[in-house]
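I have placed the structure first, in the form of structure tokens, so that the comments after it can refer back to it.
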Amino acid sequence: QKEVEQDPGPLSVPEGAIVSLNCTYSNSAFQYFMWYRQYSRKGPELLMYTYSSGNKEDGRFTAQVDKSSKYISLFIRDSQPSDSATYLCAMKQVLRGKLIFGQGTELSVKP
Amino acid sequence: GAGVSQSPSNKVTEKGKDVELRCDPISGHTALYWYRQRLGQGLEFLIYFQGNSAPDKSGLPSDRFSAERTGESVSTLTIQRTQQEDSAVYLCASSPPELRTYNEQFFGPGTRLTVL
């Protein structure tokens, strides 16, 4: 079993829809949780970061972490075609440490 | 400012040959990471350098893989006797020395390696 599980999709939604992306994990030692966005043939870029449990909002994006369930989510409101990309969840145990990534979910937002 | 750069952007090699991949981190970043991303997969950790500390090599898949870093600058990842299963995008990331709340890793564009 992988440490981090993520549905690879692909996920296709109409413009303006609310998108929900999720990951589950097995290692309770993870404390730092990130969402990266990766466009085709580019390196990943950090989108959202959360420490421990809780919610964090940034514009149209909301990240949630539920450590009791070992479950993290990313919500995208009013999705735009420019949001079409692969979204990777990632987590780490210590501040300076290796990231453990999910498989990535490919999202397509249709105009 | 300049981001993380990697070279070459693409590399095609024959099975059994050795390859060297280069990473130039962001100036002043003390930490450097190598990851591998197979087609349709997430990133897989390979190795981590932090300043003058011994590197964390726990992700290297076999002794055919090795990496070096010169001080706090350039790093090279070497794969000896390449195999077809080594075909992947190899990504490098660096992070700054100050301990911010999340110590973000900044990624380069990757080197796409194809082993024929």
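Protein chains in written order, with this note's numbering: chain A, 1 to 111; chain B, 1 to 116.
Glycine included, C-beta positions come from ideal geometry on N, C-alpha and C.
If you're wondering where the values come from, they're calculated on a predicted model, not measured in any experiment.
Test: residue i CB closer than 8 Å to a CB of chain A
i               : result
E104 of chain B : yes
F56 of chain B  : The amino acid occupying residue 56 of chain B in the given sequence is Asp; Phe does not appear at that position. Yes, D56 of chain B lies at the interface with chain A (some Cβ there is under 8 Å from its Cβ).
P25 of chain B  : no
L43 of chain B  : yes
P109 of chain B : yes
A88 of chain B  : no
Selection from the options that minimises the alpha carbon distance to residue i
i               : options                        : result
Q105 of chain B : B:E14, B:T111, B:D18 and B:L43 : B:L43
T86 of chain A  : A:S40, A:E3, A:A63 and A:T24   : A:S40
D63 of chain B  : B:C92, B:L46 and B:A54         : B:L46
V94 of chain A  : A:S28, A:K70 and A:L21         : A:S28
K2 of chain A   : B:Q41, B:R69 and B:L91         : B:Q41
V58 of chain B  : A:K98, A:V13, A:A17 and A:G102 : Residue 58 of chain B is actually Ser in this sequence, not Val. With distances taken between Cα atoms, S58 of chain B lies closest to A:K98.
R112 of chain B : B:T70, B:G16 and B:K11         : B:K11
K15 of chain B  : B:Q84, B:S94, B:G108 and B:L91 : B:Q84
E98 of chain B  : B:W34, B:C23 and B:Q50         : B:Q50
S79 of chain A  : A:F61, A:S69 and A:V65         : A:F61
E57 of chain A  : A:S82, A:D66 and A:R77         : A:R77
A88 of chain B  : B:A54, B:V4 and B:S9           : B:S9
L47 of chain A  : A:P111, A:D83 and A:R96        : A:D83
Burial state of residue i, where buried means 16 or more other Cβ atoms lie within 10 Å
i               : result
T82 of chain B  : buried
Q37 of chain B  : buried
A2 of chain B   : exposed
G108 of chain B : buried
R69 of chain B  : buried
I18 of chain A  : exposed
S66 of chain B  : exposed
Y25 of chain A  : buried
A63 of chain A  : buried
Below-8 Å beta-carbon distance, residue i vs any chain B residue
i              : result
F61 of chain A : no
L11 of chain A : no
G54 of chain A : no
message: Could you check whether the region 97-110 of chain A touches the region 4-17 of chain A, counting it as contact only if at least three pairs of C-beta atoms, one from each stretch, sit closer than 8 Å?
response: Counting C-beta pairs with one atom in each stretch, the region 97-110 of chain A and the region 4-17 of chain A have three or more that are closer than 8 Å, which means they touch.
message: Would the region 28-36 of chain A count as touching the region 86-98 of chain A if we require 3 or more Cβ pairs under 8 Å?
response: Under the 8 Å Cβ criterion, the region 28-36 of chain A counts as touching the region 86-98 of chain A, having at least three qualifying pairs.
message: Please give the ranges of any beta strand (DSSP E) in the region 53-85 of chain B, keeping only runs that are unbroken, at least 3 residues long and fully inside the region.
response: The region 53-85 of chain B is shown to contain whole beta strand (DSSP E) runs of 3 or more residues at 65-69 and 75-79, in chain order.
query: If you pair each beta-carbon of the region 18-30 of chain B with each one of the region 38-55 of chain A, do three or more pairs fall below 8 Å?
result: No: fewer than three Cβ pairs fall under 8 Å.
query: What are the uninterrupted segments assigned as beta strand (DSSP E) that are 3 or more residues long and contained completely in the region 19-66 of chain A, given in chain order?
result: You should have 19-25, 32-38, 45-51, 54-58 and 61-66.
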